[in-house]
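Protein chains in written order, with my numbering: chain A, 8 to 390; chain B, 12 to 312.
Working notes, beginning with the structure itself.
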């Protein structure tokens, strides 16, 4: 075990820091959806042009072909520089893209991966349905095969960025009468295809970042299936392993900055003199340090074996709950000022309200606990 | 940067785990054979990082977590620190001083066979000779004979601040091991015990108690590894990282031990069953070089 970075890695860190220092926009990410999309795309393009997009993606698809350790160093410096949230590029960059790298055909990779990295193609996820939330295998959206086309009927929900997305990672039932996780396929669905209707849903934070998507005989080429017809469950699990494993490194790293900001605020306001608050902040600071250590351990595991360890689901759960504890501490320090919150504000109250997603999206905290108990501890499956 | 054990550390760990399984069964923790200490010394665990041994704290922390998982004798902690910083061979008992340090009494754990005791005095590791006939009776932790010296004898500081960090790191490692033991005991019982015609571990209410024990273990162990690496690397933030490791390890040990009693139900309440051994050990560990809040908050001078 060794916590130190090599001279080459330290050099890389210095390059990240210098570039971010000169290039991070002063302007915050806009709240208005259209402005935010333009902002996200422009920023992603700027990252790509400077060589900071897809640091550990293969070079033939526009990446840098560097190590995951360098990717983490970049994210640490990114958070430290207070650079913008990835926004609408989240799904493409953090799990759509990695899923394609692992499972897609050469043609699919060549077409889609560079577009994701350049911020030209926005992706959204199509896993959850009104009747298939935690019970993901209950998917009922159907893809009927007609010649060399799939004809899609059904609905997906809680789809972040559906209203601005160009593509969707869509899991649907392609085998008539199939049950549970059999007969599913993972397909690339063009969001501009005729028959797709997107109805945005306003969150309790006031934002309309997610939506319900309806498919009414939507025709897409059979060639858009990734990883083979009927293999959707397996491909979806690899997507979720990114979502639960390495997809949230940026969030994990960001929490290191957030706890220091909270501490600073508590010192400024004198709240730290409150014994209860001081105790909670001390605890949070220890937990944030441990999260970083866990992230490093997970990364070390990826470097050593090529995949995240069994602890990935633990990290996902811990990150989510720790993030919520930090948001709640922010609220506590803000006091009754939170009562002035209005829809359209982008502040710690919005973060707090939006942060409920952390223990719901991508597998609820309860599902994560089931997974930990069953896979790590070998307890009997209750589902 | 690599926070996974290397091949050498893995083989050390495997050897330790195998030896412990044969010689340190947890449920016999309160009744260890008299010759055990000599065996521990012969295995090299009492002075792994002593001068000339060339072993790093990372390896030591992993091995101590394994020993801690079997509720190994508590004097292993003080003995390792004395061997490293005081050049003190042989068994060194563990001393816990009253909060007001110079006055008052001192509790000495695991004294039989020890010529000295080591504890923290004013934030530094310090040592004192022991009366030769100092024995002890079981206290809360049934595995560690406890004696009182009143008034406290004079202590002599050994090593610099790193000696105190060393003790804190090893105590954290013991706590991580204790948390692991409670996690595994609870999970094993949840698979075995049946109610409503199925293993109780089938029920989410029980399952999620068990998951949380695994989360606490993973969190504490990760920070332990990082902290040990920080001490090895001479990192300026080593004191913070070790304090964080101790804080999280103590919590993991205590909360997992409590969860384990709960999962065991009625049998978990008994003297005969093992869960209380972990619980009581966790309480003892929480008093050994506890994490200081000012260090966790980055406020220490």
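Glycine is no exception: its CB is placed at the ideal position from the N, C-alpha and C atoms.
Tell me, which residues are paired with residue i by DSSP?
i: residue 13 (chain B); result: A:9
i: residue 84 (chain A); result: Beta-bridge pairing links residue 84 (chain A) to no other residue.
i: residue 238 (chain A); result: A:191
i: residue 58 (chain B); result: None; residue 58 (chain B) has no bridge partner.
i: residue 228 (chain A); result: A:156
i: residue 162 (chain A); result: A:221
i: residue 157 (chain B); result: B:120 and B:148
i: residue 128 (chain B); result: B:104 and B:139
i: residue 26 (chain A); result: Paired residue(s): none; residue 26 (chain A) is not in a bridge.
i: residue 289 (chain B); result: Partner(s): none; residue 289 (chain B) has no beta bridge.
i: residue 180 (chain A); result: A:149 and A:191
i: residue 130 (chain A); result: A:174
i: residue 205 (chain A); result: A:220
Buried or exposed: where does residue i fall if 16 or more other Cβ atoms within 10 Å of its Cβ makes it buried?
i: residue 315 (chain A); result: buried
i: residue 205 (chain B); result: exposed
i: residue 34 (chain A); result: exposed
i: residue 138 (chain A); result: exposed
i: residue 365 (chain A); result: buried
i: residue 89 (chain A); result: exposed
i: residue 320 (chain A); result: buried
i: residue 199 (chain A); result: exposed
i: residue 352 (chain A); result: exposed
i: residue 170 (chain A); result: buried
i: residue 22 (chain B); result: exposed
i: residue 5 (chain A); result: It is not possible to answer for residue 5 (chain A), since the shown part of chain A is limited to 8 through 390.
Among the candidates the options, whose CA atom is the shortest distance from the CA of residue i?
i: residue 295 (chain A); options: B:93, B:278, B:259 and B:284; result: B:259
i: residue 193 (chain B); options: B:240, B:79 and B:251; result: B:79
i: residue 358 (chain A); options: A:374, A:372, A:371 and A:341; result: A:341
i: residue 221 (chain A); options: A:246, A:209 and A:159; result: A:159
i: residue 372 (chain A); options: A:143, A:345 and A:328; result: A:328
i: residue 128 (chain A); options: A:224, A:228, A:168 and A:232; result: A:168
i: residue 74 (chain A); options: A:306, A:9 and A:109; result: A:306
i: residue 136 (chain A); options: A:226, A:49, A:308 and A:217; result: A:217
i: residue 62 (chain B); options: B:50, B:136, B:93 and B:42; result: B:93
i: residue 148 (chain B); options: B:121, B:128 and B:165; result: B:121
i: residue 43 (chain A); options: A:81, A:93 and A:197; result: A:93
i: residue 109 (chain B); options: B:300, B:26 and B:185; result: B:300
i: residue 65 (chain B); options: B:32, B:95 and B:124; result: B:95
i: residue 384 (chain A); options: B:290, B:222, B:291 and B:256; result: B:222
i: residue 28 (chain A); options: A:15, A:47, A:8 and A:81; result: A:81
i: residue 239 (chain B); options: B:310, B:73 and B:50; result: B:73
i: residue 182 (chain B); options: B:254, B:125 and B:163; result: B:254
For residue i and residue j, what's the separation of their Cα atoms in angstroms?
i: residue 106 (chain A); j: residue 236 (chain A); result: 16 angstroms
i: residue 11 (chain A); j: residue 246 (chain B); result: 9 angstroms
i: residue 158 (chain B); j: residue 332 (chain A); result: 42 angstroms
i: residue 96 (chain A); j: residue 217 (chain B); result: 39 angstroms
i: residue 270 (chain A); j: residue 291 (chain A); result: 10 angstroms
i: residue 277 (chain B); j: residue 211 (chain B); result: 14 angstroms
i: residue 362 (chain A); j: residue 330 (chain A); result: 8 angstroms
i: residue 40 (chain B); j: residue 154 (chain B); result: 6 angstroms
i: residue 25 (chain A); j: residue 86 (chain A); result: 14 angstroms
i: residue 45 (chain A); j: residue 133 (chain A); result: 23 angstroms
i: residue 267 (chain B); j: residue 224 (chain B); result: 5 angstroms
i: residue 180 (chain A); j: residue 71 (chain A); result: 36 angstroms
i: residue 215 (chain A); j: residue 348 (chain A); result: 17 angstroms
i: residue 20 (chain A); j: residue 301 (chain A); result: 20 angstroms
i: residue 213 (chain A); j: residue 264 (chain B); result: 42 angstroms
i: residue 61 (chain A); j: residue 312 (chain A); result: 21 angstroms
i: residue 302 (chain B); j: residue 257 (chain B); result: 6 angstroms
i: residue 9 (chain A); j: residue 304 (chain A); result: 11 angstroms
i: residue 295 (chain B); j: residue 42 (chain B); result: 17 angstroms
i: residue 67 (chain B); j: residue 24 (chain B); result: 14 angstroms
i: residue 98 (chain B); j: residue 170 (chain B); result: 10 angstroms
i: residue 57 (chain A); j: residue 30 (chain A); result: 10 angstroms
i: residue 206 (chain A); j: residue 202 (chain B); result: 46 angstroms
Next item on the list: Quick one: which residues of the region 159–192 of chain A get their C-beta closer than 7 angstroms to a C-beta of chain C? List them in chain order.
Entry: In the structure shown, chain C cannot be found, because the protein chains are A and B.
Next item on the list: Answer yes if the region 65–80 of chain B comes into contact with the region 128–147 of chain B, meaning at least three C-beta pairs across the two stretches below 8 angstroms, and no otherwise.
Entry: Per the Cβ contact rule, the region 128–147 of chain B is not in contact with the region 65–80 of chain B (fewer than 3 Cβ pairs under 8 angstroms).
Item checked: the region 83–101 of chain B contacting the region 52–66 of chain B, beta-carbon criterion three pairs below 8 angstroms -> Contact between the region 83–101 of chain B and the region 52–66 of chain B is present, because at least three Cβ pairs lie under 8 angstroms.
Next item on the list: Answer yes if the region 255–267 of chain A comes into contact with the region 226–242 of chain A, meaning at least three C-beta pairs across the two stretches below 8 angstroms, and no otherwise.
Entry: At 8 angstroms Cβ cutoff, the stretches do not touch.
Notebook entry, point to check: If you pair each beta-carbon of the region 114–122 of chain A with each one of the region 58–75 of chain A, do three or more pairs fall below 8 angstroms?
Noted result: Judged by pairs of C-beta atoms under 8 angstroms, the region 114–122 of chain A touches the region 58–75 of chain A, as three or more such pairs exist.
Next item on the list: Give a yes or no on contact between the region 179–199 of chain B and the region 261–269 of chain A, applying the rule of three or more CB pairs nearer than 8 angstroms.
Entry: Segments in contact, no.
Item checked: Three CB pairs or more closer than 8 angstroms across the region 240–256 of chain B and the region 167–178 of chain B -> Taking one beta carbon from each stretch, the region 240–256 of chain B and the region 167–178 of chain B have 3 or more pairs nearer than 8 angstroms; the two touch.
Check: Are three or more beta carbon pairs between the region 99–111 of chain B and the region 136–148 of chain B nearer than 8 angstroms?
Finding: With the rule of 3 Cβ pairs closer than 8 angstroms, the region 99–111 of chain B counts as touching the region 136–148 of chain B.
Notebook entry, point to check: Can at least three beta-carbon pairs, one atom from the region 176–190 of chain A and one from the region 140–153 of chain A, be found at a separation below 8 angstroms?
Noted result: By the criterion of at least three beta-carbon pairs nearer than 8 angstroms, the region 176–190 of chain A is in contact with the region 140–153 of chain A.
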